[in-house]
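Working notes, beginning with the structure itself.
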Amino acid sequence: MRRIITMTVNNRPGVLNRITGLFTKRHYNIESITVGHTEIEGISRMTFVVNVEDERIAEQITKQLNKQIDVLKVNDITDQAIVARELALIKVAVNSTVRQEIYTLIEPFRASVVDVSRDSLVVQVTGEPEKIEALIDLLKPYGIKEVARTGTTAFTRGAQKNAVSYKTPFII
Amino acid sequence: MAKMKVEEQRKQRTKMSGALMLIEALKAEKVEVIFGYPGGAVLPIYDKLYDSGLFHVLTRHEQGAIHAAEGYARISGKPGVVIATSGPGATNIVTGLTDAMMDSIPLVVFTGQVASNVIGSDAFQEADVLGITMPITKHSYQVRDIQELPRIIKEAFHIATTGRPGPVLIDIPKDMTTVEGEFDYEQDVHLPGYQPTVHPNHLQIRKLVEAVSQAKKPVILAGAGVLHANASNELRQYAEQQNIPVIHTLLGLGGFPANHPLFLGMAGMHGTYTANMALYECDLLINIGARFDDRVTGNLKYFAPNATVAHIDIDPAEIGKNVPTKIPIVSDAKEALKELIHQDGKRPDITEWLAQLAEWKTNYPLAYKNDAQTVKPQKLIEMIYELTNGDAVVTTDVGQHQMWTAQYYKFNQPNRWVTSGGLGTMGFGLPAAIGAQLADKHATVVSIVGDAGFQMTLQELSVIQELNLPIKVVIVNNQSLGMVRQWQEIFYDKRYSHSLVPNQPDFVKLAEAYRIKAFRAKTEEEAKEVLKQAFSLSEPVLLDFHVKADENVYPMVAPGKGLHEMVGVKPCDESLQ
Ligand SMILES: Cc1ncc(C[n+]2csc(CCOP(=O)(O)OP(=O)(O)O)c2C)c(N)n1
Ligand SMILES: [Mg+2]
């Protein structure tokens, strides 16, 4: 199962190393990581997407992460109301006959073309990972030269209307 | 106003070098002994150590230093302190760090590092110590700014000794030891990401009290968490109050008196039949400070299949990690036990259960066939137990002799037992005894080691001689890597691949070369004689016991089997002897 885990960490040397090392040590599979500053100086925020076998392992991950001294807070937000976004850059092979077609095709995705050359163009798209997958699939027949994806970054929505299935990862 | 004054005082504080800060911090922490080994990167530290008045033990290998620090920590309850130089000095402590991490032993370890401006350039004796040790330390630091050093040391001691204890490493670039800064050690530790839960949740405690009152076959499995929390008295009070039998893990031994009628022995691969069957049959399992290691549980599929599991642990990540847990209690063992005693719940009616346990105890005790013509290793341990009235501090190495010691030395008191459990580190026993003796100068310390493991750290005999530590080194000499040999005999068709060592050195002469008295014994009679002699001497003695070489450790849960599938439970089971 896919879990989205967010955490805040002290922005100290080696902190990313500690966390990815922990994933390696415990045999957890990371699908993506994003890291960036938060509104508070010295504190960074990370979003992990991991693939785990079951709930028990998901719980282990949050607990093990929590044991890290530089980790301030861990949340498994998978079952909450969240905003999850990813950005992708997709370089598509084009010629003059299909160029316009691609512009039309990406429009419903609110994607934009950010670079154009004689035989390719670069599409930028943001959204939920599923949306990005869908766009990549649509562009595939034209010939995709390169894809760069940031991985998911996420947090919980301001109002948790259907937070019923939310489980605290901690046992008190 | 007052605030300004403090500020001013702070400003007036004399500046000092990083090396001196380290010394001052160790003094402030009331460190009694440092185990270490000098080298280029730590020369400024050793220079300040020279006339500091601090007691430093120069081991003969950094691995010896860190195991000695572990032995010291285990017996004193205080953190062990280690200094090693950069590069090879630091990599030599990797095994000890892992050992301390696995067995939750509080250590503060200082490693030298090349100067900040050459870090990353593959400089002479540079090693990425932080990178290497990240997964084997509770936490680690590299000093980047001299002003951080006092805070870092203070945090390191705090982290190592609180919550679930463990090793903390501080990597100090050489320039940080010479550059000057203000030494402020009065500051409070502020670690928002580290707030161990010490007190139990009331609701969960109530659940446990309720479960106990309903139980027909309850049992307590107590691990080293009880010892770390100093909770032996509370464990005993609680077990007696509720009339619940107690089982120990290897590392927990001594937490509950071995001669207590409610004690069922050690659990696991070489545990007692009664303890393992009790774990298999129980309907309520109360784990206190043990981590359900696979050597304890055997095949998880058959582990406590009918039990409601309650687990008291200071480390929430241990709860539910290996065994599904109905009643999780994150707490210090002492605090939880105090609360449980206070609740004074309804005692369960377990007459039938106690009768069953008594029957197993009578029918399947630990046993072996004696043979006075040789030294039977089990007999040897029993003799040591009797000679020391069960009061000795006992350290072991890893292998058969370790299991025999765990089985036949009856620990009635806490903090007398020092062994490498989680990592199973050969070479641990001898240096650990040095630390143990320094932690308790009046204790009789016996280091029971194998002929193979002894040779992994035997150079520390030098330290024993130099400090005249009256340690009794007992070599259980079976001319083999006994535990490996046993597995090859049982599981690999007696194909003894690289486990027989018939050409072991003359250990008596070897000890004498280190100016340590030594005796050898090949029969029970001789064994009795040399033991008596050794324990009457208040100086170090090494004893080389040529034991029956093909003896195996039984009973045993074979790998992959459940605890109820023990073999070798009867001494008359000829096929196993
Ligand atoms: C450093 C290390 N290497 C290898 C092992 C694997 N091992 C476990 S027990 C053992 C044999 C130990 O032999 P000895 O010290 O003579 O003790 P005995 O089992 O004979 O009592 C070995 C090789 C280990 N535990 N530690
Ligand atoms: Mg041996």
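As they're listed, the protein sequences go chains V and H. Position 164, counted from 1, in the first sequence is what numbering that gives the first Met the number 0 calls 163; the numbers after and before it change by one each time, with no gaps. Position 218, counted from 1, in the second sequence is what numbering that gives the first Met the number 0 calls 217; the numbers after and before it change by one each time, with no gaps. Beta carbons are placed, not taken as given, at the ideal position from N, Cα and C, and that holds for glycine.
Check: Does I68(V) get closer than 8 Å to chain H when you measure Cβ to Cβ?
Finding: yes
query = When the cut-off is 8 Å and only beta carbons count, does Q146(H) lie next to chain V?
reply = no
Is M425(H) near ligand 1, going by C-beta to nearest heavy atom under 7 Å? yes
Suppose you measure from the CA of I171(V) to the CA of L284(H); what does that come to, to the nearest Å?
Per-residue confidence for I171(V) stands at a pLDDT of 33, beneath the threshold of 50, marking its modelled position as unreliable; the derived number appears in the next sentence. Rounded to the nearest angstrom, the two C-alpha atoms are 19 Å apart.
Margin query: With a threshold of 8 Å, are at least 3 pairs of Cβ atoms found where one atom belongs to the stretch 50–65 of chain H and the other to the stretch 13–28 of chain H?
Written below: yes
First and last residue of the beta strand (DSSP E) that includes Y140(H)? 138–141
Review point. Anyone know if the C-beta pair for L429(H) and F453(H) falls short of 8 Å?
Key: yes
Worksheet entry | Bridge partners - F291(H), DSSP secondary structure assignment | Paired residue(s): none; F291(H) is not in a bridge.
Mind checking which residues open and close the beta strand (DSSP E) that includes T350(H)?
From DSSP, T350(H) is part of no beta strand (DSSP E) but of the alpha helix (DSSP H) over 350–362.
Query raised in the report: Which class does D343(H) belong to by DSSP, given the choice of helix, strand or coil?
Result: coil
Which residues in chain H have a C-beta closer than 8 Å to the C-beta of L71(V)? List them in chain order. P191, G192
Supposed close pair M402(H), V245(H) - CB separation, criterion 8 Å:
Not a contact, Cβ separation roughly 20 Å.
Open item on the list: I want to verify the contact list: residues of chain H whose CB lies under 9 Å from the CB of G20(V), in sequence order.
Closed with: G130, M133, P134
- request: Give, in chain order, every unbroken run of the alpha helix (DSSP H) that is at least 4 residues long and sits entirely within the stretch 133–199 of chain H.
  value: 148–160, 173–177
**OP:** May I ask you to list, following chain order, the residues of the stretch 94–106 of chain V that have a beta carbon less than 9 Å from some beta carbon of chain H?
**Re:** none
field: Inter-stretch contact at 8 Å, needing at least 3 Cβ pairs: the stretch 141–158 of chain V / the stretch 80–90 of chain V
entry: yes
Checklist entry - Are three or more beta carbon pairs between the stretch 268–282 of chain H and the stretch 554–564 of chain H nearer than 8 Å? => result yes
* Roughly how many angstroms separate the alpha carbons of R67(V) and N50(V), rounded to a whole number? -> The displayed chain sequence assigns Gln, not Arg, to residue 67(V). Cα to Cα, the separation comes out at about 21 Å.
Next on the checklist: Does the CB of N10(V) have a neighbour CB from chain H at under 8 Å?
Outcome noted: no
- Task: Taking only heavy atoms of ligand 1 into account, decide whether any of them is closer than 7 Å to the Cβ of L480(H).
- Result: yes
Requested in this report: Step through the CB atoms of chain V and report whether any lies within less than 8 Å of the CB of P138(H).
Outcome: Here the sequence assigns His to residue 138(H), which means Pro is not the residue at that position. At least one chain V Cβ lies under 8 Å of H138(H).
Using a Cβ-Cβ distance under 8 Å, would E40(V) count as near chain H?
no
Next on the checklist: Among the candidates D69(V), E145(V), K62(V), whose CA atom is the shortest distance from the CA of V93(V)?
Outcome noted: E145(V)
- Say the cut is 7 Å; is the CB of V397(H) nearer than that to a heavy atom of ligand 1? yes
Margin query: Check whether chain H comes within 8 Å of L15(V), counting only Cβ atoms and requiring the distance to be less than that.
Written below: no
Within chain H, the residues that R55(V) reaches when beta carbons sit closer than 9 Å: G319, K320, P323
Could one say the Cβ of K158(H) lies closer than 8 Å to chain V's Cβ atoms, at least one of them?
According to the sequence displayed, residue 158(H) carries Ile and not Lys. Chain V contact via Cβ: present.
Check: Counting along the chain, where does the beta strand (DSSP E) carrying R1(V) start and finish?
Finding: 1–9
message: Tell me whether G421(H), by its Cβ, gets closer than 7 Å to a heavy atom of ligand 1.
response: no
query = If you draw a straight line from the alpha carbon of A114(H) to that of M175(H), how long is it in whole angstroms?
reply = 8 Å
Start-end ranges of the alpha helix (DSSP H) lying completely within the stretch 87–119 of chain H, minimum 4 residues
87–90, 93–101
Quiz item: What three-state label does DSSP hand D78(V) in the structure shown?
Solution: coil
> How about A451(H): is its Cβ closer than 7 Å to a heavy atom in ligand 2?
Replying inline: yes
TODO: Please classify G17(H): is it buried, with 16 or more other beta-carbons within 10 angstroms of its beta-carbon, or exposed?
DONE: buried
Handout entry: 8 Å Cβ cutoff, Q141(H) in contact with chain V
Key = yes
key: DSSP state of Q503(H) mapped onto helix, strand, coil   = coil
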